[in-house]
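S.K.: Those sequence lines, one after another, are chains A and B. Going by numbering that gives the first Met the number 0, 134 is the number at position 135 of the first sequence; the sequence numbering is gapless. Going by numbering that gives the first Met the number 0, 145 is the number at position 146 of the second sequence; the sequence numbering is gapless.
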Amino acid sequence: MDLALTILVEGLGYASYLFIVSLGLTIIFGVLKILNVAHGAFYAWGAYACAFLIGEFSTMGVSDLGTMVAIPIAALAVGLVLGSAIERTIIRNLYGRDEVIIVLATFGLFLVLEDVILLVFGVDPYFAFQPTLAIPGVQIGGIYQDGYKLTMIALSLAIGLVSWFVLNRTHWGKLVSAIIFDSDLAVAMGVNVRRVFYVVFVVGAVLGALGGAYIAPTISVSPGFGVEVIVLSFAVVVIGGMGSIGGAAIGALLVGLLRAYAVLQWPEIELFVVYAVMAAVLIFRPEGLFAPAKARKI
Amino acid sequence: MDRTVIGLTVGFALVALLGVFVLPDWLMSQILIAFSRALAVLGLLVLWRTGLISFGHALYFGLGAYTVAMLGKDLGITEVLITLPAAGLVAALVGFALGFIIRKYREIFFAMLNLAFSMVLFGILVKTEALGSTDGFSVEQPTLFGIGTDDSTTKLTALFLGICVIGWLAAIFVHRYLRSILGNLTTAVRDNEIRVEYLGYSVAEAIHGKYVMSAALAGLAGGFMALALGQVDPESMVNWTVSGELVFVTVLAGPGSVAAPFIGSLVFELLRTYAFELVPYAWQLIVGGTLLAVIFFLPGGLWSVISKLGGRSRPSDPPANREEAGR
Numbered sequence: 000m001d002l003a004l005t006i007l008v009e010g011l012g013y014a015s016y017l018f019i020v021s022l023g024l025t026i027i028f029g030v031l032k033i034l035n036v037a038h039g040a041f042y043a044w045g046a047y048a049c050a051f052l053i054g055e056f057s058t059m060g061v062s063d064l065g066t067m068v069a070i071p072i073a074a075l076a077v078g079l080v081l082g083s084a085i086e087r088t089i090i091r092n093l094y095g096r097d098e099v100i101i102v103l104a105t106f107g108l109f110l111v112l113e114d115v116i117l118l119v120f121g122v123d124p125y126f127a128f129q130p131t132l133a134i135p136g137v138q139i140g141g142i143y144q145d146g147y148k149l150t151m152i153a154l155s156l157a158i159g160l161v162s163w164f165v166l167n168r169t170h171w172g173k174l175v176s177a178i179i180f181d182s183d184l185a186v187a188m189g190v191n192v193r194r195v196f197y198v199v200f201v202v203g204a205v206l207g208a209l210g211g212a213y214i215a216p217t218i219s220v221s222p223g224f225g226v227e228v229i230v231l232s233f234a235v236v237v238i239g240g241m242g243s244i245g246g247a248a249i250g251a252l253l254v255g256l257l258r259a260y261a262v263l264q265w266p267e268i269e270l271f272v273v274y275a276v277m278a279a280v281l282i283f284r285p286e287g288l289f290a291p292a293k294a295r296k297i
Numbered sequence: 000m001d002r003t004v005i006g007l008t009v010g011f012a013l014v015a016l017l018g019v020f021v022l023p024d025w026l027m028s029q030i031l032i033a034f035s036r037a038l039a040v041l042g043l044l045v046l047w048r049t050g051l052i053s054f055g056h057a058l059y060f061g062l063g064a065y066t067v068a069m070l071g072k073d074l075g076i077t078e079v080l081i082t083l084p085a086a087g088l089v090a091a092l093v094g095f096a097l098g099f100i101i102r103k104y105r106e107i108f109f110a111m112l113n114l115a116f117s118m119v120l121f122g123i124l125v126k127t128e129a130l131g132s133t134d135g136f137s138v139e140q141p142t143l144f145g146i147g148t149d150d151s152t153t154k155l156t157a158l159f160l161g162i163c164v165i166g167w168l169a170a171i172f173v174h175r176y177l178r179s180i181l182g183n184l185t186t187a188v189r190d191n192e193i194r195v196e197y198l199g200y201s202v203a204e205a206i207h208g209k210y211v212m213s214a215a216l217a218g219l220a221g222g223f224m225a226l227a228l229g230q231v232d233p234e235s236m237v238n239w240t241v242s243g244e245l246v247f248v249t250v251l252a253g254p255g256s257v258a259a260p261f262i263g264s265l266v267f268e269l270l271r272t273y274a275f276e277l278v279p280y281a282w283q284l285i286v287g288g289t290l291l292a293v294i295f296f297l298p299g300g301l302w303s304v305i306s307k308l309g310g311r312s313r314p315s316d317p318p319a320n321r322e323e324a325g326r
């Protein structure tokens, strides 16, 4: 029982940060039809910016709880500045090119951004644990649970609900749905597709950076840690169905719980269980478990 | 004899002669590594002309490398005339089996499914203590006709000549294949699968064949790489970054000719070495920047520059991508 609970909480914690990152990836894919490898760089930039800011705030004498302000600041700054800059210079010029060529371009972009991090922040790891000290732990079923992890679960739930609301209940959401369904038809109906592309890309970048910024206090932020998360969030997105928010949630839950189970119970399979599931999903449901309905083109 | 075959023969003979008599050892080993990788790129080129790109050919690359290394370690077989064909064969067999699944997929799904399979192998190898886990293990001294040598220069020269011969044979083989009826289906499948089916050919089988060929070439490449480096480990043989490198070189080289992978791969290797020496913390920046520059300014890859310099237009070559075909 205790074990099941531990796996559940561990898995949910892991799933919630994966969900935030994957959500950004999946909306960018759904709308722009771009599989953005550089998403891993947004994540890494968010984590570095956050860790750096927390360090600065802390030396300025801000309380441990107060340093948490760094998380939204870092996510917004990285997402807005870096996301805008990249959309305006690189992504914008790729629309209409071969899907695979676009993936390669974002791969090149990822390599560049990874090294710019090293040039800006140096090669030494950053530790920014202050926020984790600020939030007290909770006893659940006799097991001590890390409070910070629980706030992460709450945050991802909130983000999931907000994005569902925006997509299904607002004018902007309808525009986005129309473009996902058929972007040519949306253009014909007078939707400014370029502008929606831009906004969605920046929102996706903010989400990627937010995932990194939120996880930063719990890990040592060091070079090259954005690499793993790309492949993992790809797996999440593929399992759930590319372009589907519900799919990203299910995919993240599946991957998070599987990882937690593997780490605690069966470490030999830890590294590949996720990809085995991804391969199985692709074989039996190539569109993913929760793929958005596809327009039938005549 | 057509011009490509003559060109390849002269080119490889020239590189081999230069290598043995003129070039310094460090450059020879760079060419050895570059040409080993080029064998795998040759396979990806066939797929790319079909409109498919695999982000998981490190699977076959790694299988080839580990086959060579394990034959030496576990069975004591170091004869390259056995280990290298075995590397290609193991990769081809796995490619044949997985091909039944993979041939149904196109575009991004094709790329990602390959990635998933390669990451499964990566995960298994990292967790297998008997194979050295993340550290890998070293490759036994290779022998040819039972003769091995401890002298590093002799060994390098032998391997160098070996890769020149195998690279030459592989390039001519792929070139001949692309000129055959089955090979000509490559471009046809990319352009319109339904028409190919109406012509009476099976698209699935055509893709399956190309897939097995690319797997075998990647396996052979991995086997050679294991011999060249003298060491196998998951990170440098099977991780997704290896697949990324292979695709990178394919794009850098361009799909114009079977000679392009060898030139592109050498440029990549030199670029990486020099970038690493010049700016140790920013070599990825240079490599990534180059990839972006090629995609934006040189969609036909390095080969398009070479063929322009050569001043000949070759209408028989397919355009670099669909845009140039005037979509």
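No residue lacks a Cβ here, since even glycine has one placed at the ideal position from N, Cα and C.
Taking Cβ-Cβ distances below 7 Å as the criterion, which residues of the region 269-290 of chain A are in contact with chain B?
M.R.: Per Cβ criterion, the list reads 270, 271, 274, 275, 277, 278, 281, 282, 285.
S.K.: Measure the alpha-carbon distance for residue 318/B versus residue 193/B and round it to whole angstroms.
M.R.: Translated into positions along the second sequence, residue 318/B becomes position 319. Translated into positions along the second sequence, residue 193/B becomes position 194. Below a pLDDT of 50, predicted positions are generally treated as unreliable, and residue 318/B, at 45, falls in that range; the measurement from the model is reported next regardless. The straight-line gap from Cα to Cα measures roughly 21 Å.
S.K.: Closer than 8 Å by beta-carbon distance: list the chain A residues that pair up with residue 267/B, in chain order.
M.R.: Indexing the second sequence from 1 puts residue 267/B at position 268. Neighbours of residue 267/B on chain A: none; closest Cβ ~13 Å, over 8 Å.
S.K.: Helix, strand or coil for residue 110/A per DSSP?
M.R.: Within the first sequence, residue 110/A is the residue found at index 111, counting from 1. Residue 110/A falls in the helix class under three-state DSSP.
S.K.: Just the Cα atoms here: how many angstroms apart are residue 85/A and residue 198/B?
M.R.: Stepping through the first sequence from its first residue, residue 85/A is reached at position 86. Stepping through the second sequence from its first residue, residue 198/B is reached at position 199. Approximately 45 Å, taken between the alpha carbons.
S.K.: Can you find the residues in the same chain that come closer than 7 Å, C-beta to C-beta, to residue 46/A, ignoring five residues on each side of it along the sequence?
M.R.: Your numbering for residue 46/A matches position 47 in the first sequence. So the qualifying residues of the chain are 211, 212, 214, 215, 220.
S.K.: Kindly indicate the opening and closing residues of the alpha helix (DSSP H) around residue 201/A.
M.R.: Against the first sequence, residue 201/A aligns to sequence position 202. 192-214 is the span of the alpha helix (DSSP H), which, as asked, contains residue 201/A.
S.K.: What does a CB cutoff of less than 8 Å around residue 134/B pick up in its chain, not counting 5 residues either side in sequence?
M.R.: Start at 1 with the first residue of the second sequence, and residue 134/B comes out as number 135. So the list reads 232, once near-sequence residues are dropped.
S.K.: To the nearest angstrom, report how far apart residue 269/B and residue 289/B are at their CA atoms.
M.R.: Indexing the second sequence from 1 puts residue 269/B at position 270. Indexing the second sequence from 1 puts residue 289/B at position 290. Residue 269/B and residue 289/B: Cα-Cα distance of roughly 13 Å.
S.K.: Can you give me the Cβ contacts of residue 78/B inside the same chain, cut-off strictly under 6 Å, excluding the 5 residues immediately before and after it?
M.R.: Here the question's residue 78/B lines up with position 79 in the second sequence. Within the same chain, residue 78/B has close Cβ partners 142.
S.K.: So which of 88/A, 228/A, 102/A, 251/A has the shortest CA-CA distance to residue 238/A?
M.R.: The residue labelled residue 238/A in the question sits at position 239 within the first sequence. It is 251/A whose Cα lies nearest to the Cα of residue 238/A.
S.K.: Would you grab the beta carbon distance between residue 66/B and residue 37/B for me? Rounded to a whole angstrom, and I think it's under 8 Å.
M.R.: Within the second sequence, the letter at position 67 stands for residue 66/B. Within the second sequence, the letter at position 38 stands for residue 37/B. With a Cβ gap of about 19 Å, residue 66/B and residue 37/B do not count as contacting.
S.K.: Could you give the distance in angstroms between the alpha-carbon of residue 129/B and the alpha-carbon of residue 278/A?
M.R.: To locate residue 129/B, count along the second sequence from 1; it is residue 130. To locate residue 278/A, count along the first sequence from 1; it is residue 279. Computed Cα separation, rounded: 26 Å.
S.K.: My parser needs the beta strand (DSSP E) runs of 3 or more residues fully inside the region 100-159 of chain A; what are they?
M.R.: Listed in chain order, the complete beta strand (DSSP E) runs (minimum 3 residues) inside the region 100-159 of chain A are 137-139, 142-144.
S.K.: With DSSP as the reference, identify every bridge partner of residue 152/B, one or two as the case may be.
M.R.: Mapped onto the second sequence, residue 152/B falls at position 153. Bridge partners of residue 152/B: none, in fact.
S.K.: Given a limit of 9 Å on CB to CB distance, which residues of the region 292-306 of chain B reach chain A?
M.R.: From the region 292-306 of chain B, only 292, 293, 294, 295, 298 have a Cβ closer than 9 Å to chain A.
S.K.: Roughly how many angstroms separate the alpha carbons of residue 229/A and residue 118/B, rounded to a whole number?
M.R.: Along the first sequence, one-based indexing puts residue 229/A at 230. Along the second sequence, one-based indexing puts residue 118/B at 119. Taking the straight line from one Cα to the other gives about 13 Å.
S.K.: Since residue 114/A meets chain B, which of its residues come closer than 8 Å, beta carbon to beta carbon?
M.R.: Taking the first residue of the first sequence as 1, we reach residue 114/A at position 115. Residues of chain B passing the Cβ test: 280, 281, 282, 283, 284, 287.
S.K.: Could you say which of 213/B, 158/B, 173/B, 206/B lies nearest to residue 224/B if we only look at CA atoms?
M.R.: For this step, residue 224/B is matched to residue 225 along the second sequence. Among 213/B, 158/B, 173/B, 206/B, the Cα nearest to that of residue 224/B belongs to 158/B.
S.K.: At 7 Å on the CB atoms, spell out the chain B contacts of residue 157/A, in chain order.
M.R.: Taking the first sequence and counting its residues from 1, the one referred to as residue 157/A is at position 158. By Cβ distance, chain B contributes nothing, its closest Cβ being about 30 Å from residue 157/A, past 7 Å.
S.K.: Give the straight-line distance between the Cα atoms of residue 165/B and residue 146/B, rounded to the nearest whole angstrom.
M.R.: Translated into the one-based positions of the second sequence, residue 165/B becomes position 166. Translated into the one-based positions of the second sequence, residue 146/B becomes position 147. Computed Cα separation, rounded: 19 Å.
S.K.: Measure the alpha-carbon distance for residue 242/B versus residue 46/B and round it to whole angstroms.
M.R.: Taking the first residue of the second sequence as 1, we reach residue 242/B at position 243. Taking the first residue of the second sequence as 1, we reach residue 46/B at position 47. The alpha-carbon atoms of residue 242/B and residue 46/B are separated by roughly 14 Å.
S.K.: Taking all protein chains shown into account, decide if residue 182/A is buried (16 or more other Cβ within 10 angstroms of its Cβ) or exposed.
M.R.: As a working note, residue 182/A is residue 183 in the first sequence. Residue 182/A should be labelled buried.
S.K.: So which residues on chain A does residue 106/B lean against when the C-beta distance must stay under 8 Å?
M.R.: Within the second sequence, numbered from 1, the residue matching residue 106/B stands at position 107. In chain order: 98, 99.
S.K.: Return the CA-CA distance between residue 274/A and residue 20/B, expressed in angstroms with no decimal places.
M.R.: To locate residue 274/A, count along the first sequence from 1; it is residue 275. To locate residue 20/B, count along the second sequence from 1; it is residue 21. Cα-Cα distance, rounded: 48 Å.
S.K.: What are the start and end residues of each continuous alpha helix (DSSP H) run of 4 or more residues lying completely inside the region 147-220 of chain B, in chain order?
M.R.: Here the runs fully enclosed are 151-178, 180-190, 192-197.
S.K.: Apply the 10 Å Cβ neighbour rule to residue 17/A and answer buried if 16 or more other Cβ atoms are within range, or exposed otherwise.
M.R.: Here residue 17/A corresponds to residue number 18 of the first sequence, with the count starting at 1. Its Cβ being crowded by 16 or more others within 10 Å, residue 17/A is buried.
S.K.: Any beta carbon of chain A sitting closer than 7 Å to that of residue 118/B?
M.R.: As a position in the second sequence, residue 118/B is number 119, starting the count at 1. It does; some Cβ of chain A falls within 7 Å.
S.K.: Classify residue 327/B: buried if its beta carbon has 16 or more other beta carbons within 10 angstroms, exposed otherwise.
M.R.: Residue numbering for chain B in the displayed model covers 0 to 326; residue 327/B lies beyond these limits and cannot be assessed.
S.K.: Is residue 89/A near residue 108/A, with beta carbons less than 7 Å apart?
M.R.: Looking up residue 89/A in the first sequence gives position 90. Looking up residue 108/A in the first sequence gives position 109. A contact, by the Cβ cut-off of 7 Å.
S.K.: Just to make sure I have the definition right: I need the residues of chain B whose C-beta is within less than 8 Å of the C-beta of residue 242/A. Which are they?
M.R.: Position 243 of the first sequence, counting from 1, holds the residue named residue 242/A. In chain order: nothing, as chain B lies at least about 12 Å away.
S.K.: To the nearest angstrom, how far is the alpha carbon of residue 103/A from that of residue 286/B?
M.R.: Locating residue 103/A in the first sequence gives position 104, where the first residue counts as 1. Locating residue 286/B in the second sequence gives position 287, where the first residue counts as 1. Roughly 12 Å between the two C-alpha positions.
S.K.: Using a Cβ-Cβ distance under 7 Å, would residue 230/A count as near chain E?
M.R.: Included in the structure are the protein chains A and B, with no chain E among them.
S.K.: For residue 59/B, which of 8/B, 155/B, 211/B has the nearest alpha-carbon?
M.R.: Stepping through the second sequence from its first residue, residue 59/B is reached at position 60. With distances taken between Cα atoms, residue 59/B lies closest to 211/B.
S.K.: Bridge partners for residue 78/B per DSSP, in chain order?
M.R.: Position 79 of the second sequence, counted from the first residue, corresponds to residue 78/B. Paired residues: 142/B.
S.K.: Smallest Cα separation from residue 101/A: which of 137/B, 99/B, 11/B, 52/B?
M.R.: Your numbering for residue 101/A matches position 102 in the first sequence. Measuring from the Cα of residue 101/A, the nearest candidate turns out to be 52/B.
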